[in-house]
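Novice: In the working numbering, the protein residues as written are 1 to 152.
#1: State buried or exposed for residue 149, treating a residue as buried only when at least 16 other CB atoms are found within 10 Å of its CB.
#2: For residue 77, count neighbouring C-beta atoms within 10 Å of its own C-beta (all shown protein chains included) and say buried if the count is 16 or more, exposed if not.
#3: My parser needs the alpha helix (DSSP H) runs of 4 or more residues fully inside the stretch 31-92; what are they?
#4: Give the straight-line distance between the Cα atoms of residue 61 and residue 108, rounded to the nearest whole angstrom.
#5: According to the Cβ coordinates, are residue 154 and residue 95 closer than 8 Å?
#6: Going straight from the alpha carbon of residue 43 to that of residue 92, what length do you get?
In structure tokens, the structure reads:
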């Protein structure tokens with residue numbers, strides 16, 4: 001008997017085809033002006049990620065797991081806020097670092113020197129919220145273990 005390949009509903013297939021068509025259109029429009037620059041950016045981003053960033057955050061994750069020892073289930077409480085903070089840093093790096101502060105001020109009329117403090121505050125809130133969630137879940141788990149079983 002041949003294994004059956006699952007196929008989605010006609011609506012799912014239509015949505016998938018529409019998303020491919022939209023992505024193709026966006027790709028054609030993006031590559032229309034400066035295809036070499038866009039291709040170079042994609043290749044550079046892939047190489048930067050695979051050769052620099054992936055080994056870096058794999059080493060950081062390994063150090064985190066080694067530091068947690070037997071409490072590896074708690075790694076997510078550090079991984080998630082760290083990943084979100086790193087993503088915010090990656091997206092807003094020029095403003096956080098202050099490299100484009102004068103250009104930002106001239107384009108918007110707003111101060112550009114507030115982004116580092118805001119990123120640090122968001123990072124602190126992310127880690128604080130994660131720590132609070134860990135404490136609450138630990139207390140609920142501990143209370144559930146101490147509760148006697150219900151008699152029926």
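For every residue, glycine included, the Cβ atom is placed at its ideal position computed from N, Cα and C.
Specialist: Taking the coordinates as given:
#1: Residue 149 sits at position 149 when you count from the first residue of the chain shown. Exposed, since its Cβ has fewer than 16 Cβ neighbours within 10 Å.
#2: Residue numbering aside, residue 77 sits at position 77 when the chain shown is read from its first letter. With 16 or more other Cβ atoms inside 10 Å of its own Cβ, residue 77 counts as buried.
#3: Fully enclosed alpha helix (DSSP H) runs of 4 or longer: 54-68.
#4: Taking the chain shown and counting its residues from 1, one reaches residue 61 at position 61. Taking the chain shown and counting its residues from 1, one reaches residue 108 at position 108. Approximately 39 Å, taken between the alpha carbons.
#5: Coverage of the chain is limited to positions 1 through 152, which leaves residue 154 absent and any answer about it impossible.
#6: Working through the chain shown from its first residue, we reach residue 43 at position 43. Working through the chain shown from its first residue, we reach residue 92 at position 92. Cα to Cα, residue 43 sits roughly 21 Å from residue 92.
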